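From first to last, the protein sequence lines are chains A and B.
Here the first sequence stands for residues 622 to 986, numbered as in the numbering used here.
Here the second sequence stands for residues 622 to 986, numbered as in the numbering used here.
All residues carry an ideal CB built from backbone N, CA and C; glycine is no exception.
Owing to the predicted nature of the structure, the values given are computational and were not obtained by experimental measurement.
Each remark here refers to the structure printed beneath this line.
2 protein chains.
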Amino acid sequence: MNFKVDVQEFKLAVINATRFAAAKSTIKALEKVHCHIKDGLLTVTGYDLTMGYQTSLAIETMDGDEISFLIDSKLVASYLSKLKTTDVEVETDGFKIVFVSRKAKLEMMTETANDYPSIASEEDTIGTIKIDTELLKSLISSTIYCVSSSDTRPILRGELIKAENDSLAIVALDGFRVAVRNEPIKTDDVSAVIPSSFLAEAVKILSDDETELKFKKRMISVKFGTTTMFTRLLEGEYPDHVRVMPTKFVTEAVVDRKELIDCLERAALLVNDRIKSPIRITVGNGKMSMNVKTSIGSMNDEIDVDSSGESIEIGFNCKYMLEAMKAIDEDKVLMNFAGAVKPLLITDAKKTNRYQTLVLPVRLS
Amino acid sequence: MNFKVDVQEFKLAVINATRFAAAKSTIKALEKVHCHIKDGLLTVTGYDLTMGYQTSLAIETMDGDEISFLIDSKLVASYLSKLKTTDVEVETDGFKIVFVSRKAKLEMMTETANDYPSIASEEDTIGTIKIDTELLKSLISSTIYCVSSSDTRPILRGELIKAENDSLAIVALDGFRVAVRNEPIKTDDVSAVIPSSFLAEAVKILSDDETELKFKKRMISVKFGTTTMFTRLLEGEYPDHVRVMPTKFVTEAVVDRKELIDCLERAALLVNDRIKSPIRITVGNGKMSMNVKTSIGSMNDEIDVDSSGESIEIGFNCKYMLEAMKAIDEDKVLMNFAGAVKPLLITDAKKTNRYQTLVLPVRLS
């Protein structure tokens, strides 16, 4: 079979599929990228039994045959990225593949696709969300840092996506902090916990204007253009994030986010994985002062803030505070202190409720 | 003592000095960066007994004292890079150092400089070369890839710098290939073999318009502005590179360098550290065709060249050929073939002799 395909499209499909192919599997075929040609479409698939990626590219071909084969994706992607042409002609008989571009000809072996498992069978769709792709990426990016990296509670390795009454919430929490994004959006009522490993890949790959999320009983599929990504869901009860949010505050401070990040980054130089002394934050009289003292050295700093309520002194994990601030894409943030030993709630200064970030304090000695 | 210093200058000095500080030494002080203040100058030094870096920065100070101390260079450089101000005020008593920038204050411990060895004593200068800094960087960058990485002949771990009759040559060779750059330049007659580890660092650090190389019996110093880098020389006889250059050729081909590099890069995908099949190059009738066949796959390609002489078929290590071509900063190169089992000489197409690169062929089966 001979066909002609766009070099950039094919390269991107192969690179993306590789992200979903198994790193190591007892089914060797899953470590490769699967190509299938039928009816003028080249479908490229990467799959590891848990999650997968599949995209279809329009190709020019005179042949009507159907053919499947597995490719060494690293070699194919490298070769395509070194081609200077827009299109490449491809010849394949299922055992080898030959790329022809002007006078350059590359031939490599392929493998038969007989051992490649069929993609997880379709379940019924329970609910659908259509969402602006950039918004979806922002929702994931600004919360995923709070996903737990520990295996003690597997459900916390995922993010909760919960939609009801035309409001969408995406939640991550790890026992020390919570990140919530709320967006008004026309949607079915659905709820699912999606592995963060899937979301981390999805965020890199998502493009196009609109993305469609299809919720099924044990799966979710994420579709844009001619590309579909899918994953099994995490099973279990996700903690109720609304219940832990403090509602009464003793001190409020509106802070310039970039200015605070600068201070926190300098403070973070004095802590590391072994040395975890908290940053001591004092708020009152329009000032926020910060102090860290570790065996490496000590730091003092102060910024102007718009504060109200009582003066407060409270300690935080410097890294957690820095990550929380970096994830909020607003110039001004509102820090709502409920007390020196109570969780801090960070929202955007306009109180739109779009961002709700909670950080537990660290007891000061 | 209090002083004020430019943040960017201090940061750069500390980063550069760190490159020359010992990674691990029985003299712990050598793992740190040395600071010395006297007469309105802050001198920053990194040294590992073999090579060193020293630069002097003008500082603003009211104190007339002399003081030396050792700093944790990574922390200082990180902190300086996170400051948003042009200058920083520094307070030090030799035991701790405090950086003050607006309201931000960072205090860290320093160490006394008592154990820091004095820099290798000055030898008499035998000869001097003054050279345009960018030219010097280009001479090093375009030859250093040929330095041997093997320890069997330590002298080949360096580059020969040889100046005579107002002509400067810089040479690297590893037994399989040779790279020579020749430049007309007004110079003393000198010759020295300089460790490539030093040259690799020097090339990153060199700036300013002019650099002065001072050749001594066992050392070389490289000076620009207020910065000096120095190293011990490699001792021994460097192979005579002029003697190995072929002078009679059977085939010549003028080649578009970028076009050839594109082909070689695609071919290089089929070889690796284990699979070293040569690239087969055939030249004749205005064509250069290339062919590689390995267990990964096979590649054929062809480009137009301006060839003369007999047709020739010859094999090369693909990686060596690629590195040779990448190091020559000319649009067109001249490939001078002396025969199918004789070294290939590559020069610039204008035959200026500025570039002379030799690559040994690989016997074709």
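- Leaving aside the five residues that flank residue 795 of chain A on each side, the residues in its chain whose CB is nearer than 8 Å to its CB run, in chain order, 767, 768, 769, 770, 771 and 777.
- Per DSSP, the continuous beta strand (DSSP E) segment holding residue 656 of chain B begins and ends at 654-659.
- Taking C-beta atoms as the reference points, residue 798 of chain A and residue 678 of chain A fail to come closer than 8 Å.
- A direct Cα-Cα distance of roughly 6 Å separates residue 812 of chain B from residue 782 of chain B.
- Runs of the alpha helix (DSSP H) spanning 4 or more residues and lying entirely within the stretch 679-736 of chain B occur at 694-702, in chain order.
- Taking the beta carbon of residue 947 of chain A as reference, no residue of chain B falls within 7 Å; the closest one sits roughly 14 Å away.
- Your pair residue 824 of chain A and residue 708 of chain A does not check out as a contact, with CB atoms roughly 30 Å apart and the cut at 8 Å.
- Chain order gives the chain A residues near residue 696 of chain B as 890, 891, 917 and 918, where near means a beta carbon separation below 9 Å.
- Note on geometry: alpha-carbon atoms of residue 937 of chain A and residue 900 of chain A lie some 5 Å from one another.
- In the DSSP assignment, residue 823 of chain A falls outside any beta strand (DSSP E) and lies within the alpha helix (DSSP H) extending over 817-826.
- Proximity of chain B to residue 699 of chain A at the Cβ level (cut-off 8 Å) is accounted for by 890, in chain order.
- Taking 8 Å as the cut-off, the Cβ atoms of residue 838 of chain B and residue 749 of chain B do not count as close.
- With its beta carbon at least 8 Å from every one in chain B, residue 784 of chain A lies outside the interface.
- Given a length threshold of 4 residues, each whole run of the alpha helix (DSSP H) inside the stretch 842-886 of chain A is given here in chain order: 862-865.
- Within its own chain, the residues whose Cβ lies closer than 7 Å to the Cβ of residue 737 of chain B, once the five positions on either side in sequence are excluded, are 650, 655 and 691, listed in chain order.
- As the crow flies, the alpha-carbon of residue 828 of chain B is around 31 Å from that of residue 685 of chain B.
- Residues of the stretch 720-742 of chain A with a C-beta atom less than 8 Å from some C-beta of chain B are 724, 725, 726, 727, 728, 729 and 730, listed in chain order.
- With a threshold of 8 Å between beta carbons, residue 653 of chain B makes no contact with chain A.
- For residue 902 of chain B, the enclosing beta strand (DSSP E) begins and ends at 900-905.
- The beta carbon of residue 927 of chain A sits closer than 6 Å to the beta carbons of 875 from its chain, once the five residues preceding and following it are set aside; these are given in chain order.
- With respect to chain B, the C-beta atom of residue 887 of chain A has a partner C-beta closer than 8 Å.
- Below the 9 Å Cβ cutoff, chain A contributes no neighbours of residue 974 of chain B, its closest Cβ being approximately 32 Å away.
- When C-beta atoms of the stretch 723-731 of chain A are compared with those of the stretch 898-918 of chain B, three or more pairs fall below 8 Å, so the two segments count as touching.
- Listed in chain order, the beta strand (DSSP E) elements of length 3 or more contained wholly in the stretch 766-806 of chain A are 779-785, 788-794 and 798-805.
- Nearest Cα to residue 851 of chain A within the set A:790, A:984, A:633 and A:841: A:841.
- Per DSSP, residue 957 of chain B lies in no alpha helix (DSSP H); the unbroken beta strand (DSSP E) holding it starts and ends at 953-958.
- One alpha carbon belongs to residue 978 of chain A, the other to residue 631 of chain B, and they sit about 38 Å apart.
- Any Cβ of chain B closer than 8 Å to the Cβ of residue 923 of chain A would place that residue at the interface, and such an atom is present.
- Under a criterion of Cβ atoms nearer than 9 Å, the residues of chain A adjacent to residue 705 of chain B are, in order, 883.
- Around residue 949 of chain B, the same chain offers 976 as residues with beta carbons nearer than 6 Å, after the five sequence neighbours per side are excluded.
- Within the stretch 914-948 of chain B, complete beta strand (DSSP E) segments of at least 3 residues are found at 918-925, 927-930 and 933-937, given in chain order.
- Here the C-alpha atom of residue 658 of chain B lies approximately 16 Å from the C-alpha atom of residue 740 of chain B.
- In the three-state DSSP reduction, residue 811 of chain A falls in the strand class (E or B).
- Residue environment for residue 896 of chain A: exposed (fewer than 16 other C-beta atoms within 10 angstroms of its C-beta).
- Taking 8 Å as the cut-off, the beta carbon of residue 700 of chain B is found closer than this to the beta carbon of residue 887 of chain A.
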